[in-house]
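Start counting the sequence shown at 0; every next residue gets the next number (numbering that gives the first Met the number 0).
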Amino acid sequence: MMTLEDFEEATEAVKKVILKTNLVYSDYFSDQTGNKVYLKPENMQFTGAYKVRGAYYKISTLSKEERKKGLITASAGNHAQGVAYAAKLYGVPATIVMPTTTPLMKVNRTKGYGAEVVLHGDVYDEACAKALEIAKEKGLTFIHPFDDPVVATGQGTIAMEIVKELPTVDYILVPIGGGGLATGVSTLAKLLNPNIKVIGVEPANAACMSASLKAGKVVTLDSANTIADGTAVKTPGSEIFPYIQKNLDDIITIEDDELIVAFLDMVENHKMVVENSGLLTVAALNHIKEKNKRIVSILSGGNMDIITMSSMLQHGLIARDRIFTISVLLPDKPGELVKVATLIANEQGNVVKLEHNQFVSINRNEAVELKITIEAFGTDHKNQIMKALRREGYTAKFAQPVI
């Protein structure tokens, strides 16, 4: 059983490796949702994620003989860094098996802590199978990223900090991949105050815990296809599943599109980079029906590579109608392009890209297609620009954004 004493012990142990992540009150999300929203920024940890808590606590409980054998784990990135960092502190070797789809930044940072990295499989589950195979072959000590009550106890220290800082918390939103974080947080939260509602949040295309709870047993999904790579898990933990069944109040599933706008909101309003799995709880804020509640959103990690960040920002701007593309038909005559550009400028639209296609029609005097990508203030401004073009007699329609 995971006891209050275990969590208290873990809380003291992890102080050696964690940075303080005090709650951040969010005026923006509070205004948007009608609740009092606080962010728990675990993306600001030294390793970029909460995972160092469970990894370090687990390794601290191993015998000298178990550590001396060498450590091995499987991870999509954050647990990898946690184990690699903790192993370095203990001066023991670590091997990390990571999916081939793991962002390069996570791979490089894991190597930077001195661990040997093996890339295998497309998702966590395949990497885990390989890690267990290597562990058996070489006699290494396996550190499971989530299906271990001791690891989950270390992760649950987050709840201790939340309740101490905000004793009146009503909701804690926690991301779910395999379920270790949700297990630790929900179990400790209920021990401290049974009235706290702990809500798990999963990507809709990798909702293995939702499927398992519905079935009443651990089930395996056919696939786990989501941009939230840290929670792309097909099978949740069987050891921790009973704790989830007992202590988790509900699960919200989030579509990938919701994560894109959540990323934009976090960057613009809090100047924070949060990886997609950590954004699950931010996106879930809009799904809470109750109002005037104190809600803590756990931002589980911030390890995101630059290319992904760029893509998220671009698609976020598109989703918010702040970047859009239109197709305009106009005669192939000198001055027509200037007229369109001037009209857009008069409506305070900013042209960021042009594509001129003279071959859309055989009769160039009748129609040449101009694709224009425009920066706008939002949906109303976008529609205002389109109306202005049509008012001047141009045949204009929205097109697939050209970015």
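In this text, a Cβ means the ideal position worked out from N, Cα and C, and glycines have one as well.
Review point. Do S209 and L247 have their CB atoms nearer than 8 angstroms?
Key: Contact flag unset, no.
Review point. Looking only at C-alpha atoms, which of L353, A188, R293 sits nearest to G33?
Key: Here the closest residue by C-alpha is R293.
Check your understanding: Helix or strand or just coil, what does DSSP make of R321?
Key -> The answer is coil: DSSP assigns R321 none of H, G, I, E or B.
Check your understanding: Should K15 go down as buried or exposed, given a rule of 16 or more other Cβ atoms within 10 Å for buried?
Key -> K15 is classed as exposed because its beta carbon has fewer than 16 other beta carbons within 10 Å across all chains shown.
Review point. Run through DSSP, which three-state label would P235 get?
Key: Here P235 sits in coil by DSSP.
Exercise for review: Going by DSSP, name the residue or residues bridged to E115.
Suggested key: Answer is T94, bridged to E115.
Practice item. Measure the C-alpha to C-alpha separation of E257 and G334 and round it to an integer number of angstroms. Key: If you draw a straight line from the Cα of E257 to the Cα of G334, it comes to about 42 angstroms.
Check your understanding: Who pairs with G300 in a beta bridge, going by DSSP?
Key -> A48, per the DSSP bridge assignment.
Exercise for review: May I ask you to check if the CB of S25 is nearer than 7 angstroms to at least one heavy atom of the ligand SAH?
Suggested key: With respect to the ligand SAH, the structure shown offers nothing to examine, as it has no ligands at all.
Practice item. Take the Cβ of P241 as the centre, count every other Cβ of all protein chains shown within 10 Å, and call the residue buried at 16 or more, exposed below. Key: By the neighbour-count definition (other C-beta atoms within 10 Å, threshold 16), P241 is an exposed residue.
Check your understanding: In angstroms, rounded to a whole number, what distance separates the CA positions of Y49 and E11?
Key -> Approximately 15 angstroms between the Cα atoms of the pair.
Review point. Thinking C-beta only, is T230 closer than 8 angstroms to E254?
Key: Contact: no.
Review point. What's the gap between the Cα of V281 and the Cα of A366?
Key: The alpha-carbon atoms of V281 and A366 are separated by roughly 46 angstroms.
Review point. Using the C-alpha atoms, what's the distance from K163 back to E64?
Key: Each residue's Cα considered, the two are about 36 angstroms apart.
Review point. What is the residue span of the alpha helix (DSSP H) that D5 lies within?
Key: Counting along the chain, the alpha helix (DSSP H) containing D5 begins and ends at 3-13.
Check your understanding: Are G236 and G178 touching if we call contact CB-CB under 8 angstroms?
Key -> Going by C-beta atoms, G236 is nearer than 8 angstroms to G178.
Check your understanding: Residues bridged to A73 by DSSP?
Key -> A73 pairs with V96.
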